[in-house]
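Residue numbers (the UniProt record's numbering): 1 to 240.
The following block contains the structure:
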């Protein structure tokens with residue numbers, strides 16, 4: 001299997017070079033850019049599996065660049081910031097980021113986060129290959145595609161994983177901490193509202209009315225559950 005390709009975007013040469021050298025030693029293919037314009041050029045040429053993206057760049061806001069890259073091919077994005085403000089994290093996740101690291105961070109933590117994100121590329125097992133169909137909603141874990149009324153639903157990698165996980169356990173209620181452990185695949189330290197943000201993004205895309213969700217329901221004081229749509233009763237054939 002070819003090594004994963006990672007694009008590092010940070011205007012601080014010390015941080016950029018440190019990350020590039022470290023990840024190269026982990027056998028990843030790594031390219032680096034110091035600004036948004038260079039990053040987009042490399043993005044097209046290099047076609048990375050993951051972008052490690054600083055929020056504060058000289059020519060563009062990292063959140064906007066994240067959204068631009070996500071709109072092109074749903075690439076994984078790990079955002080870097082020197083801000084510890086939770087509101088920034090919520091904003092980043094709402095723009096499609098898969099994860100967040102606040103500077104300064106340890107290289108060991110970076111390694112764990114990168115590995116956890118890239119695991120979402122793994123080949124699904126036979127047990128996981130079954131397509132899930134709920135009336136007009138179809139979730140295909142092999143193609144990692146979701147359709148609603150036979151129309152494709154654009155989800156980020158993390159949104160897909162979260163929806164697929166919930167839909168694989170219909171009716172079961174999951175606490176936010178449990179969802180983070182199962183879907184993010186490591187102990188998340190921070191505001192668990194990140195789950196709420198991703199749930200909100202998914203609802204906008206699959207619910208008939210996101211303010212009155214029928215599929216992904218909130219269980220107050222606990223968390224969330226996926227509820228199968230009620231089966232439509234077919235009229236009995238008339239007897240002549």
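Ideal Cβ positions, reconstructed from N, Cα and C, are used throughout, including at glycine. Since the structure is predicted, the reported quantities are computational estimates derived from the model, not experimental observations.
Residue 175 has its alpha-carbon roughly 4 angstroms from the corresponding atom of residue 223. The beta carbon of residue 97 is closer than 6 angstroms to those of 66, 77, 79 in its chain, skipping five residues each way along the sequence. The C-alpha of residue 139 lies about 42 angstroms from the C-alpha of residue 13. For secondary structure counted as the beta strand (DSSP E) over 3 or more consecutive residues, the region 113 to 175 holds these complete runs in sequence order: 132 to 134, 137 to 140, 145 to 148. Going by beta carbons, residue 216 and residue 158 fall outside the 8 angstroms limit. Boundaries of the beta strand (DSSP E) harbouring residue 223: 223 to 226, taken from the DSSP string. Residue state for residue 46 is assigned as helix, using DSSP reduced to three classes.
Looking from the CA of residue 151, the closest CA among 205, 213, 15 belongs to 205. CA-to-CA, the gap between residue 183 and residue 45 works out to about 30 angstroms. By the beta-carbon neighbour count (other beta carbons within 10 angstroms, threshold 16), residue 119 is exposed. In terms of Cβ geometry, residue 173 and residue 219 form a close pair [threshold 8 angstroms]. For residue 70 and residue 30, the gap between their C-alpha atoms comes out near 19 angstroms.
If you look at residue 99, you'll find it in the beta strand (DSSP E) that goes 99 to 102.
In this structure, the beta-carbon distance from residue 52 to residue 19 falls below 8 angstroms. DSSP places residue 20 in no beta strand (DSSP E) but in the uninterrupted alpha helix (DSSP H) bounded by 13 to 25.
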